[in-house]
Amino acid sequence: MRKPTHHTSNEFELELREIRGQLVAMGARCERAVQLALHAFLERDPGRMSEVLAIDTKVNADEMQLDEMAVRVLALRQPVAYDLRFVTSTLKFVTDLERISDEAVNIAERVDTIAKARLTPPVFAIPHMGELVQKMLREALDAFVEGDADRARAVLLMDDDVDEAYGATLRSTIEWMGQNPTEIPAGMCVASVAKYLERIADHATNLAENVVYLERGDDVRHRGSATSHPPPKSTKGR
Amino acid sequence: MIEDLSNGTTGPRGKLAVRGLDVFYRVEKPKKGQPGENQALKAVDLDVGVNEVLALIGPSGCGKSTFLRVLNRMNDTVPGARVAGSVTLDGEEILAPKYDVVGLRRRVGMVFQRPVAFPKSIFDNVAYGLRAHGLSEKRELEWRVQQALTRAALWDEVKDRLDANGLGLSGGQAQRLCIARALAVEPEVLLMDEPTSALDPIATAKLEELIAELREELTIVIVTHSMQQAGRVSQRTAFFYMGSLVEVGTTRDVFTRPREPRTEDYISGRFG
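Respectively, the protein sequence lines represent chains V and H. Position in the first sequence (from 1) plus 1479 gives the number in our numbering. Position in the second sequence (from 1) plus 237 gives the number in our numbering.
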């Protein structure tokens, strides 16, 4: 790959770098929110709830600021090529990241119920799902930072494993609730958390698809819709 | 739609076909060791399709205006200019020495960067080319002038003052007057060299709207320094750099995912 070149306009260059920097920070916050919420759930520790909520508040602010920055660049700079893909991808990245943070809050909100349950239900494949989901999120964000479409494509393949673990957890939880009909609320907590993790995996998949589009210009959403256009040789500055 | 001209330089429905085009300009008083000629275009292959708008982009001095001028042999008027290669219009070689250049310029009209209204009436400005081509019958002239002004989206603004001096028109109107003058002789191809660079945004928008309408009847090649304009008006875009054609493709592809790093650098303002 060629050495990245800079915009003739320093101001434009700075604006794009500012968006990139804040996007990376927002991604790191989401990773942290998921990690905290999952840890709280597995350890039955409601004390981390406030931390997750504080991160979510910041992520919401990130979303609005990044939206505004991206729209401003679209309006004032009329970006094209890589820059255009970067700015339009930003608008999608922030939506998925914000929802990931919301799902982390959802997970944290289930901790209280499960902590107070008379009979604690097993968590089945949730630790495994949690690892997979966090790996998908980390890899998608790293692929973005590195500008690595191949790394992003690898994330797409991991979603099936999460879906499989989700199905297994759901079946086991339903079976457990059948055996413990007085503990339906606690059982539902496990089923819900599995669902939230499965949704986070979907959002991480969206992030990865967006990285492929950003770097290659190929739309790989909804599998098999990739075009035959050869990948552009990006020369953007980072 | 110009589907069959998607990415390549050639297309089965080509109006103009350019092959191996080299253009040289003589250097006046070359310094010691300096060649006597500058090569402005280097082995350019590029087709222009029927009813398409092809935008030519690139930094100043890249050869895009030279390319445009070759298409109706305007370079013939440049002392010391030398053109090699092949340019065909509907399959006919226009660079042939005996080719009817006057007839070529009727078929391939040109609109320049700065609108130049003649110090004549609006009517006479538009009728100028028709008279030069030997048309003198009054009613025919009136009909052709009205048609040309209508097609150039200027008729409604000037129909009550056709005798007024063309120099009194605004910049946008004067540019449309020049387009009407070019259209009056019913060309098949219209070459536009930065036609909106001297116009305000409203006049620019009107002219771009006009280009979209004219495309239904004409083939248009437009040189522009505005990336946004190229994006708005053209179906294909060709990027020139230092006399070479670097990339040509659908405008959508060139502006969203160009194949060549030099194209990406230029259109995204990373040219240093």
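The beta-carbon is built from N, C-alpha and C at its ideal position, and this holds for glycine as well. No experiment lies behind these values; they were computed from the predicted model shown.
With a threshold of 6 Å on Cβ separation, who are the neighbours of V338(H) within its own chain once the five nearest residues in sequence on each side are excluded? Along the second sequence, one-based indexing puts residue 338(H) at 101. Here V338(H) has R310 as same chain residues with Cβ atoms under 6 Å from its own Cβ, once five neighbours each way along the sequence are excluded.
Leaving out the 5 sequence neighbours to the left and right, which residues in its chain are closer than 8 Å to S407(H) when beta-carbon positions are compared? For this step, residue 407(H) is matched to residue 170 along the second sequence. The beta carbon of S407(H) lies closer than 8 Å to those of A440 in the same chain, with the five residues before and after it left out.
Is there at least one non-hydrogen atom of the ligand ADP closer than 7 Å to the beta-carbon of I1653(V)? As far as ligands go, the structure on display features none, and thus does not contain the ligand ADP.
Is there a Cβ from chain V that is less than 8 Å from the Cβ of S481(H)? One-based indexing of the second sequence puts residue 481(H) at position 244. For S481(H), no Cβ of chain V is located within less than 8 Å of the residue's own Cβ.
Please confirm whether D397(H) has its beta-carbon closer than 8 Å to some beta-carbon of chain V. Walking along the second sequence from the start, residue 397(H) turns up at place 160. Using a Cβ-Cβ cut-off of 8 Å, D397(H) does not count as an interface residue toward chain V, since no Cβ of chain V sits closer than that to its own.
When you check each C-beta in the stretch 453 to 474 of chain H against every C-beta of chain V, which residues fall closer than 9 Å? If you check each beta-carbon in the stretch 453 to 474 of chain H against every beta-carbon of chain V, the ones closer than 9 Å belong to M464, Q465, G468.
Measure the C-alpha to C-alpha separation of I359(H) and D437(H) and round it to an integer number of angstroms. Indexing the second sequence from 1 puts residue 359(H) at position 122. Indexing the second sequence from 1 puts residue 437(H) at position 200. I359(H) and D437(H) have their C-alpha atoms roughly 21 Å apart.
Could you tell me how far apart the beta carbons of P1421(V) and D1621(V) are, in whole angstroms, since I believe they sit closer than 8 Å? The structure shown does not extend to residue 1421(V), since chain V is modelled only from 1480 to 1717, so the question has no answer here.
Measuring CB atoms only, is the stretch 255 to 275 of chain H touching the stretch 410 to 425 of chain H, in the sense that at least three cross pairs come out at less than 8 Å? When Cβ pairs closer than 8 Å are counted between the two stretches, the stretch 255 to 275 of chain H is seen not to touch the stretch 410 to 425 of chain H, the count staying below three.
Straight-line Cα distance separating L293(H) from F349(H): Here residue 349(H) corresponds to residue number 112 of the second sequence, with the count starting at 1. Here residue 293(H) corresponds to residue number 56 of the second sequence, with the count starting at 1. Their Cα atoms are separated by approximately 14 Å.
Could you list the residues in the stretch 270 to 298 of chain H with a C-beta less than 8 Å from some C-beta on chain V, going in chain order? Residues: none.
With H, G and I counted as helix, E and B as strand and the rest as coil, what does DSSP make of V1503(V)? What you label residue 1503(V) is simply residue 24 of the first sequence in a count that begins at 1. In this structure, V1503(V) counts as helix in the three-state DSSP scheme.
Taking any Cβ of chain H, which residues in the stretch 1544 to 1560 of chain V have a Cβ under 9 Å from it, in chain order? From the stretch 1544 to 1560 of chain V, only R1556, Q1557, P1558, V1559, A1560 have a Cβ closer than 9 Å to chain H.
In terms of alpha-carbon separation, which member of M1637(V), E1530(V), V1624(V), L1616(V) lies closest to Q1501(V)? As a working note, residue 1501(V) is residue 22 in the first sequence. Considering only alpha carbons, the answer is V1624(V).
Note down, in chain order, each residue of its chain lying with its Cβ closer than 7 Å to the Cβ of A467(H), except the 5 sequence neighbours on either side. Within the second sequence, residue 467(H) is the residue found at index 230, counting from 1. In its chain, beyond the 5 residues on either side, A292, I294, T461, T474, T488 have a beta carbon closer than 7 Å to the beta carbon of A467(H).
Starting from the beta carbon of H1486(V), find every residue of chain H whose beta carbon is closer than 8 Å, and list them in chain order. Taking the first residue of the first sequence as 1, we reach residue 1486(V) at position 7. Ordered by position in chain H, the residues that pass the 8 Å Cβ test against H1486(V) are S505, G506, R507.
Using a Cβ-Cβ cut-off of 8 Å, state whether V1699(V) counts as contacting chain H. Residue 1699(V) sits at position 220 when you count from the first residue of the first sequence. V1699(V) does not count as touching chain H.
Please name the residue or residues paired with N275(H) in a DSSP beta bridge. Along the second sequence, one-based indexing puts residue 275(H) at 38. Looking at the DSSP assignment, N275(H) forms a beta bridge with Y262(H).
How should G270(H) be labelled, buried or exposed, when 16 other C-beta atoms within 10 angstroms of its C-beta is the threshold for buried? Taking the second sequence and counting its residues from 1, one reaches residue 270(H) at position 33. The residue in question, G270(H), is exposed, as its Cβ has fewer than 16 Cβ neighbours within 10 Å.
Using a cut-off of 8 Å between C-beta atoms, extract the partners of F492(H) located in chain V. As a first step, residue 492(H) is located in the second sequence; it is residue number 255 there, counting from the start. Chain V residues near F492(H): V1559, A1560, L1563.
Assuming the contact rule is C-beta atoms closer than 8 Å, A1519(V) and A1604(V) should be a hit. Round their C-beta distance to whole Å, please. Looking up residue 1519(V) in the first sequence gives position 40. Looking up residue 1604(V) in the first sequence gives position 125. Wrong, their Cβ atoms sit about 18 Å apart, outside the cutoff.
So that I know if they touch, is there some Cβ in chain V lying closer than 8 Å to that of D484(H)? Here residue 484(H) refers to the residue found at position 247 when the second sequence is read from its first residue. At residue 484(H) the sequence reads Glu, which differs from the Asp that was named. Interface criterion not met: the Cβ of E484(H) is under 8 Å from no Cβ in chain V.
Residues of its chain near V1584(V), where Cβ-Cβ distance is below 8 Å and the 5 sequence neighbours each way are ignored: By one-based count along the first sequence, residue 1584(V) stands at place 105. Cβ neighbours of V1584(V) beyond the five flanking positions: A1512, A1516, V1531, L1532, D1535.
Could you please give me the residues that DSSP links to M429(H) through a beta bridge? Counting from 1 along the second sequence, the entry for residue 429(H) is found at position 192. Beta-bridge pairing links M429(H) to V348(H), I459(H).
Ignoring anything shorter than 4 residues, give me the alpha helix (DSSP H) runs that lie fully in the stretch 1565 to 1625 of chain V, in order along the chain. Qualifying alpha helix (DSSP H) stretches, in chain order: 1590 to 1595, 1605 to 1625.
For F1491(V), return the contacting residues in chain H, with the cut-off set at a CB-CB distance below 7 Å. Stepping through the first sequence from its first residue, residue 1491(V) is reached at position 12. By Cβ distance, chain H contributes G506.
Residues of chain H with a CB under 7 Å from the CB of G1696(V): which are they? Indexing the first sequence from 1 puts residue 1696(V) at position 217. Per Cβ cutoff of 7 Å: T493, R494.
Assumed close pair G300(H), G480(H) - CB separation to whole angstroms, cut-off 8 Å: If you number the second sequence from 1, residue 300(H) lands on position 63. If you number the second sequence from 1, residue 480(H) lands on position 243. The Cβ separation is near 4 Å, so the contact holds.
So does the stretch 324 to 344 of chain H actually touch the stretch 495 to 508 of chain H, counting three or more Cβ pairs closer than 8 Å? The stretch 324 to 344 of chain H is not in contact with the stretch 495 to 508 of chain H.
What do you get for M238(H), buried or exposed, if any count of 16 or more other CB atoms within 10 angstroms of its CB means buried? Numbered from its first residue, the second sequence carries residue 238(H) at position 1. Its pLDDT being 36, under 50, M238(H) is placed unreliably by the model, and nothing is read from it.
Please list the terminal residues of the continuous alpha helix (DSSP H) segment that includes T1652(V). Counting from one through the first sequence, the residue named residue 1652(V) turns up at place 173. From DSSP, the alpha helix (DSSP H) with T1652(V) extends over 1628 to 1658.
To the nearest angstrom, how far is it from the Cα of P1660(V) to the Cα of G1646(V)? Residue 1660(V) sits at position 181 when you count from the first residue of the first sequence. Residue 1646(V) sits at position 167 when you count from the first residue of the first sequence. Rounded to whole angstroms, the separation of the alpha carbons of G1646(V) and P1660(V) is 21 Å.
Beta-carbon spacing of F476(H), V491(H) below 8 Å: On the second sequence, position 239 is the one that residue 476(H) refers to. On the second sequence, position 254 is the one that residue 491(H) refers to. Going by C-beta atoms, F476(H) is nearer than 8 Å to V491(H).
Closest by CA to D510(H), which one among L414(H), L326(H), F304(H)? Here chain H comprises residues numbered 238 to 509, so residue 510(H) is not present and cannot be evaluated.
Just the C-alpha distance for P496(H) and D1697(V), rounded to the nearest angstrom, thanks. Walking along the second sequence from the start, residue 496(H) turns up at place 259. Walking along the first sequence from the start, residue 1697(V) turns up at place 218. It should be noted that the sequence gives Arg, not Pro, for residue 496(H). Spanning the alpha carbons of R496(H) and D1697(V) requires a straight line of approximately 13 Å.
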